[in-house]
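Here's the structure we're looking at; comments come further down.
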Ligand code: AMP
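Numbering (this note's numbering), first residue to last: 6 to 120.
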């Protein structure tokens, strides 16, 4: 069975896209855990960080820096945000295609949630 995020990347499933280039896609989480909750996803399929090889160092760095830029674009840079990667079922990972959760947008004074 094809990975659900690979289907989104191929355009076979609808999504609300926030950013896309040839290496990555960013879209809104279907079940947001915060006022702002997007997923930053490499187009190449890794089940989790455990499967990411050293040669993907540049791509992995890009994902992190783009996440920072998108936080700014979405207006949560100054108010604060979390970047979370679940790895393995024991951490709560349910979609086995590496992705970064970018979450934020809480009201002033809130401490944020854990995904
Ligand atoms: P994780 O628990 O880290 O594997 O997170 C997977 C995330 O993917 C969850 O927050 C889900 O709400 C989200 N998700 C699952 N299916 C979709 C979808 N079709 N479009 C957007 N987000 C999705």
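Each residue gets a CB set at the ideal place from its N, CA and C atoms; glycine is no exception.
With 16 other CB atoms within 10 Å as the buried threshold, where does residue i fall?
i	result
residue 45	buried
residue 39	buried
Give the C-beta separation of residue i and residue j to the nearest angstrom, bearing in mind that I take them to be a contact with Cβ-Cβ under 8 Å.
i	j	result
residue 109	residue 87	7 Å
residue 23	residue 32	6 Å
residue 106	residue 89	4 Å
residue 71	residue 29	6 Å
Nearest chain C C-beta to residue i closer than 8 Å, yes or no?
i	result
residue 66	The structure shown contains no chain C; it holds only a single protein chain.
Let me know the secondary structure DSSP gives residue i once reduced to three states.
i	result
residue 109	strand
residue 32	strand
residue 44	strand
Hey, is residue i close to the ligand ADP, as in C-beta under 7 Å from one of its heavy atoms?
i	result
residue 105	Annotation note on the ligand ADP: not contained in the displayed structure, which lists the ligand AMP as its ligands.
Collect the residues with a C-beta less than 7 Å away from any heavy atom of the ligand AMP and give them in sequence order along the chain. 9, 13, 18, 20, 32, 33, 34, 35, 36, 38, 44, 91, 97, 98, 99, 100, 104, 106 and 120
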